[in-house]
Amino acid sequence: MAAELEIIDRSEEWGVFLKKKYKTDLNKLAREYPYTKSLTIGYDVLEGYGKTGVILADELLERPGKTLEDIRDAIRTGHLISRKDREGNDISEDIITGINIRFIHLPRKTQIRDIRAEHINKFVSVDGIIRRVTEVRPRLVIGAFRCPAGHFTYKAQDYGTYTEPDVCGNAECTQKKLELVQNRSTFIDSQKLRIQETPEGLRGGEQPQNIDIDIVDDICGIVSPGDRVIVNGILRSVQRITAGQKSTVFDLFVECNSIEISIKEFEEVNISEEDEESIKDMATDPGVYGKIARSIAPTIYGNDEVKEAIALQMFGGIAKEMPDGSSLRGDIHVLLVGDPGIAKSQLLRYVIKLAPRGIYTSGKSASSAGLTAAAVKDDLGDGRWTLEAGALVLADKGIAAVDEMDKMQKDDRSSLHEAMEQQSISVAKAGINATLRTRCSLLGAANPKLGRFDEFSNISEQVNMPPSLLSRFDLIFIMKDKPDAVRDLNIANHILKSHMAGEKIMHHKKHPIPGADDEYFKRELAPVMPEIDAVLLRKYLAYAKRNCFPMLTDDAKQILVQYYQNLRSVAIDSDKPVPVTARQLEALVRLAEASARVRLADEITVEDATRVVKIVDTCLKQVAYDPATGAIDIDRVATGITKSSRDMTRILRETIKILAEGAGSAKIDNVIDTMVSQHKYGKDEVEKLLDKLKRSGDIISPRNDTVKLL
126 MAAELEIIDR SEEWGVFLKK KYKTDLNKLA REYPYTKSLT IGYDVLEGYG KTGVILADEL
186 LERPGKTLED IRDAIRTGHL ISRKDREGND ISEDIITGIN IRFIHLPRKT QIRDIRAEHI
246 NKFVSVDGII RRVTEVRPRL VIGAFRCPAG HFTYKAQDYG TYTEPDVCGN AECTQKKLEL
306 VQNRSTFIDS QKLRIQETPE GLRGGEQPQN IDIDIVDDIC GIVSPGDRVI VNGILRSVQR
366 ITAGQKSTVF DLFVECNSIE ISIKEFEEVN ISEEDEESIK DMATDPGVYG KIARSIAPTI
426 YGNDEVKEAI ALQMFGGIAK EMPDGSSLRG DIHVLLVGDP GIAKSQLLRY VIKLAPRGIY
486 TSGKSASSAG LTAAAVKDDL GDGRWTLEAG ALVLADKGIA AVDEMDKMQK DDRSSLHEAM
546 EQQSISVAKA GINATLRTRC SLLGAANPKL GRFDEFSNIS EQVNMPPSLL SRFDLIFIMK
606 DKPDAVRDLN IANHILKSHM AGEKIMHHKK HPIPGADDEY FKRELAPVMP EIDAVLLRKY
666 LAYAKRNCFP MLTDDAKQIL VQYYQNLRSV AIDSDKPVPV TARQLEALVR LAEASARVRL
726 ADEITVEDAT RVVKIVDTCL KQVAYDPATG AIDIDRVATG ITKSSRDMTR ILRETIKILA
786 EGAGSAKIDN VIDTMVSQHK YGKDEVEKLL DKLKRSGDII SPRNDTVKLL
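Structure representation (structure tokens):
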């Protein structure tokens, strides 16, 4: 009896709470119904409402169905919603029945992989990334059935199953054949989602788990694949049926109460006040750049320039929204091209651990659908086509590391173009036209075509990647494995120190080493320990990205413009290659913004500008230096054909044209002799170019010893 009294009392308590905290919202709801249908209650507001609030909050988690009914009763008995239609009829009851009561801001999240049978019918809050979304479709809630005699019988429908009444509801009528009358029935909008665990919460090598979400009414259609969401709702179970046989195993789904879209960047990284203090202290240290660079993959010796560039990539520039609707990307793309065994993959994997949102994938096993978005037959709803978000969409606002980019299929690589520059992916598959956002930095790694770098060939010939893709990278590093006695000795010592420290730890676990304490292991591990702890560095990154938006000073701007003009001025002479495009200037700005972010500064200073000019200059000298002209020629990367190579092709075509006059074709020996004697080209060079033009179909060879222009 006491329990019953307690249950009745709950609606009174809810009535008092709603009057105090949500009177305005209820009045607004009464006025705007049916355009506004939801009353959203903050769980934090409820919990902060004294002792009663805590009791009500606990009851919501334990008995959500009863709680939602109590709230409706409280609104009804307290006359918290009242409205009349134009004819003066009271329609308050219709509004109370039609509104949705939604709860948000639950403090405790349940991991998808931790959901168990004990959670069934409890109120849960799960967070994840949306993988699939079905179309919004009407669902039958109350069916109106008519018998041949014209009587109507109403029957409520359960989730997923359609049931008809066995017999007409009229006592005198015995008709059993009833038909559904749609215009008398009640329908509600419904949609299904599938959400997957966020990659941050996964331990290495685990497969992320999914759960299905059932959504109804006014929150349908507000999310799309790739969005990060928190779903609050009641966990339900439904019996599995295979080939008509009912199983003892039940499937779980969440009956959604509310959806919160995670708009805040890196909100999964919690920063305490002590953390904030240590972050601000670190930012004032003049050696912070070196510290951060050395904290990236400390087990890998050297590669300081690459590590510094990766550090800047992790901080990133500022994404800018323009008044005309266009946007300028702030993400920095870096490509590492290097000989095998130089620890590129290690670097990539380490960065993914550090980045607050990171996805690692290997180009050899990735398809374009896996990277961008796949159109899949939907097993959630009724077998329609739906979109499933790929790796780049899941890495939105983070870093996507793609290893072995040179091993990717040609068609799959082209899907990266739009994702890198426009930071979105347009999908037109299976009748679906959609645009998904991929605001992520790309860190790529590739090997040279022939296994090792050839000093004398240009980069686009050696890397199996199209020039259009190479030109989208802000920085391209060539990591060569050249024998060097001093460096080799240092690397050997570093690797052996790492192994010896690891051996001691493993040995200590089985056979404790006498006198080995934490201090001893700290000393032993010093060479391979990061200077800044990985957890703190993650927080540093998140803090900088959330709070730091530096602006260019005039002096810094002058340095960047000066450097850009110096490189462009090489091209003023009509015979020199055009060394740099506007893309490189944009890269300089993004890197300068990232450099200022490292110090948590509000201004981009001369030091930032000088630092990034040095990095970009190093890259261009490695990648775009044309030994034939002695100038930097970005065409080596952007088009795959250098200025000197284009000139030679033009002269060769003119020579063939002159020698072939009248006869239609020219003798190969004559062409080679003319090129060598008159234009001072090497015989091998000319033969190689002739061979290349034959393969590309620009010239043909009617007979073995002649060539003809097409």
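In this text, residue positions in the sequence shown follow the numbering used here: the first is 126, and each later residue adds one. Where a beta carbon is used, it is the ideal one built from N, C-alpha and C, also for glycine. Since the model is a prediction, treat every value here as computed from it, not as a measurement.
Given residue i as reference, the closest of the options once Cα atoms are compared
| i | options | result |
| --- | --- | --- |
| A721 | M439, M590, S596, K502 | M439 |
| V518 | N428, V714, A717, Y485 | Y485 |
| H542 | N558, A719, P591 | P591 |
| K153 | R208, V611, L186, D169 | R208 |
| I336 | I344, D613, V379 | V379 |
| F248 | Y665, I366, R233 | R233 |
| P307 | N295, R264, D410, G807 | As written in the sequence, residue 307 is Gln, which differs from the Pro given in the question. Of N295, R264, D410, G807, the residue nearest in Cα terms is R264. |
| E385 | D252, V292, E401 | D252 |
| K554 | F598, N572, I180, A499 | A499 |
| I557 | K739, E260, K146 | E260 |
| K605 | C298, H276, K792, V431 | V431 |
| G346 | C298, Q282, K808, R262 | R262 |
| L745 | Q709, G463, V731, L318 | Q709 |
| I220 | K145, I620, E157 | E157 |
| N395 | L713, Y689, R663 | R663 |
| A571 | Y147, L473, K191, S492 | L473 |
| I684 | G515, D658, A717 | A717 |
| Q321 | P350, K489, F142 | P350 |
| K574 | V552, L568, M533, S566 | M533 |
Beta-bridge pairing of residue i - partner residues as DSSP gives them
| i | result |
| --- | --- |
| K371 | I366 |
| P592 | Paired residues: none, contrary to the question. |
| V106 | Nothing in the structure corresponds to residue 106, since the chain is present only between 126 and 835. |
| G358 | V249, C381 |
| T278 | F270 |
| I347 | Partner(s): none; I347 has no beta bridge. |
| M604 | G463 |
| E728 | M676 |
| V376 | Position check: residue 376 holds Asp in this sequence, whereas Val was assumed. Beta-bridge pairing links D376 to V363. |
| R828 | Answer is none; R828 lacks a bridge partner. |
| G569 | L460, V527 |
| L815 | L815 is not bridged to any residue. |
| A242 | In the DSSP output, where bridge partners are listed per residue, A242 has none listed. |
| R262 | S315 |
| R135 | DSSP output for R135 lists no bridge partner at all. |
| R708 | None, per the DSSP bridge assignment. |
Proximal residues to residue i (C-beta, below 6 Å), its chain only, five neighbours per side dropped
| i | result |
| --- | --- |
| V77 | The question about residue 77 has no answer, for the chain in this structure spans 126 to 835. |
| E433 | A418 |
| R353 | I254, S387 |
| R365 | S372, V374, D376 |
| Q548 | R454, T563, R564 |
| D700 | Residue placement at D700 is flagged as unreliable, the pLDDT there being 44, under the threshold of 50; a coordinate-derived value is accordingly withheld. |
| I697 | Its pLDDT being 47, under 50, I697 is placed unreliably by the model, and nothing is read from it. |
| G515 | G495, L496, T497, A498 |
8 Å Cβ shell around residue i - same chain, five flanking residues per side excluded
| i | result |
| --- | --- |
| P290 | F270, T278, K280, L303 |
| L835 | G822, D823, I824, I825 |
| T235 | H244, V249, S250, V251 |
| G427 | R612, N615, I616 |
| Q471 | A422, T424, I425 |
| N795 | L784 |
| T831 | S790, A791, K792, I793 |
| A182 | Y168, L171, E172 |
| L185 | Y168, L171, T192, F228, F248 |
| Y284 | D339, R361, V363, E380 |
Cβ-Cβ separation, residue j to residue i (assumed contact under 8 Å), whole Å
| i | j | result |
| --- | --- | --- |
| Y168 | H244 | In fact, because the Cβ distance is near 17 Å, the residues do not count as touching under 8 Å. |
| R597 | M545 | 5 Å |
| V476 | I435 | 6 Å |
| V356 | C381 | 6 Å |
| A681 | V723 | A681 to V723, Cβ: 15 Å. No contact. |
Residue-chain proximity (residue i, chain C), Cβ-Cβ < 8 Å
| i | result |
| --- | --- |
| D219 | No chain C appears in this structure, which consists of one protein chain only. |
7 Å CB neighbourhood of residue i in its chain, flanking five on each side removed
| i | result |
| --- | --- |
| L594 | R538, L541, H542 |
Point to revise | Segments assigned alpha helix (DSSP H), at least 4 residues, entirely inside the region 466-530 | key: 469-479, 493-496, 516-519
**Study point:** Secondary structure, beta strand (DSSP E): runs of 3+ residues fully inside the region 296-327
**Key:** 311-321
Check your understanding: Could you give the uninterrupted runs of the beta strand (DSSP E) lying entirely in the region 155-230, keeping only those of 3 residues or more?
Key -> 163-167, 225-229
Practice item. Kindly provide the ranges of any alpha helix (DSSP H) runs that are 4 or more residues long and lie completely inside the region 383-469, ordered along the chain. Key: 398-409, 413-419, 429-440
**Study point:** Unbroken stretches of the alpha helix (DSSP H), 4 residues or longer, contained in the region 645-694
**Key:** 659-672, 679-694
Practice item. Could you tell me which uninterrupted beta strand (DSSP E) segments, each at least 3 residues in length, are contained entirely in the region 530-560, listed from first to last along the chain? Key: 549-554
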